[in-house]
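Student: Handing you a structure now.
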Amino acid sequence: MADEALFLRLHSEMVAGLYRAAEQGEGVSRAGAARGRPAAAEADAAAAPCVLQENGRCTTKLESMGFRVGQGLIERFTKDTARFKDELDIMKFICKDFWTTVFKKQIDNLRTNHQGIYVLQDNKFRLLTQMSAGKQYLEHAPKYLAFTCGLIRGGLSNLGIKSIVTAEVSSMPACK
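Position one of the sequence shown corresponds to residue 14 (the numbering used here), numbered consecutively onward.
Pasting the structure below:
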């Protein structure tokens, strides 16, 4: 139980710290001052694109961190297991064993089109249960999913599957 609380706290602080650092970034105001414009005028002119760009960088950083952790975890979890027969066996391993070890529950639903696309659904995703379920928080949910997308992608990469992992939240705390 203590390990779970530590993981949830660490993840939440990691996300908050990266986004806080991006908000306090000096790139916009220093650039404006260097061109002789007041920092406030520069910030007003470029605020929206800069915020989107910084959010993208933070998401990429979180995803990269998750990728490396996923690689390490899969290496550790599979060192004593037999080789997997196919992609479906790998995905079942991810949904049952990997997800259970990391998030203390199995994936609620695994769907596939048998053409290489898999949809994993968790109806009570642990990293989102700490957030309020209101619609106003839906826009903040993706930043809490980037690390997990990287975690899955890193694990799949170490198992020999090149993948693109995306997350979707239509109602809190469920995610696909």
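Yeah, the Cβ is synthetic: ideal placement off N, Cα and C, and Gly gets one too.
Relative to the C-alpha of LEU101, which residue among SER184, THR125, LEU75, ARG81 is closest?
Tutor: As a first step, residue 101 is located in the sequence shown; it is residue number 88 there, counting from the start. The shortest Cα separation from LEU101 among SER184, THR125, LEU75, ARG81 belongs to THR125.
Student: Got a sec? Which residues, its chain only, sit under 7 Å from ASN136 by beta carbon, not counting five neighbours each side?
Tutor: Numbered from 1 along the sequence shown, position 123 holds the residue referred to as residue 136. Same-chain partners within the cutoff: ASP121, ALA187.
Student: What residues in its chain sit with their C-beta under 7 Å from that of VAL178, if we drop five residues either side in the sequence?
Tutor: Walking along the sequence shown from the start, residue 178 turns up at place 165. Same-chain partners within the cutoff: CYS162, ILE165, ARG166.
Student: So, are the CB atoms of GLU76 and ALA159 less than 7 Å apart?
Tutor: For the purposes of this step, residue 76 is taken as residue 63 along the sequence shown, with counting starting at 1. For the purposes of this step, residue 159 is taken as residue 146 along the sequence shown, with counting starting at 1. For GLU76 and ALA159, yes; Cβs fall inside 7 Å.
Student: Report the rounded CA-to-CA distance for PHE106 versus LYS175, giving the unit in angstroms.
Tutor: Mapped onto the sequence shown, residue 106 falls at position 93. Mapped onto the sequence shown, residue 175 falls at position 162. Going by the C-alpha atoms only, they are around 16 Å apart.
Student: When you compare the CB positions of LYS189 and GLN128, do they come within less than 7 Å of one another, or not?
Tutor: The residue given as residue 189 occupies position 176 in the sequence shown. The residue given as residue 128 occupies position 115 in the sequence shown. It is not a contact, given that the beta carbons lie outside the stated cut-off.
Student: Just curious, the alpha helix (DSSP H) that ARG96 is in, first and last residue?
Tutor: The residue labelled residue 96 in the question sits at position 83 within the sequence shown. Run containing ARG96: none; DSSP gives neither H nor E here.
Student: State the CB to CB distance for the pair PHE80 and ASP110, rounded to an integer number of angstroms; the pair is presumed to be in contact (CB under 8 Å).
Tutor: Position 67 of the sequence shown, counted from the start, is the residue given in the question as residue 80. Position 97 of the sequence shown, counted from the start, is the residue given in the question as residue 110. Rounded, the Cβ-Cβ distance is 19 Å, inconsistent with contact.
Student: According to the neighbour-count rule (16 or more other Cβ atoms, all chains shown, within 10 Å of its Cβ), is ILE87 buried or exposed?
Tutor: Counting from one through the sequence shown, the residue named residue 87 turns up at place 74. Classification for ILE87: buried.
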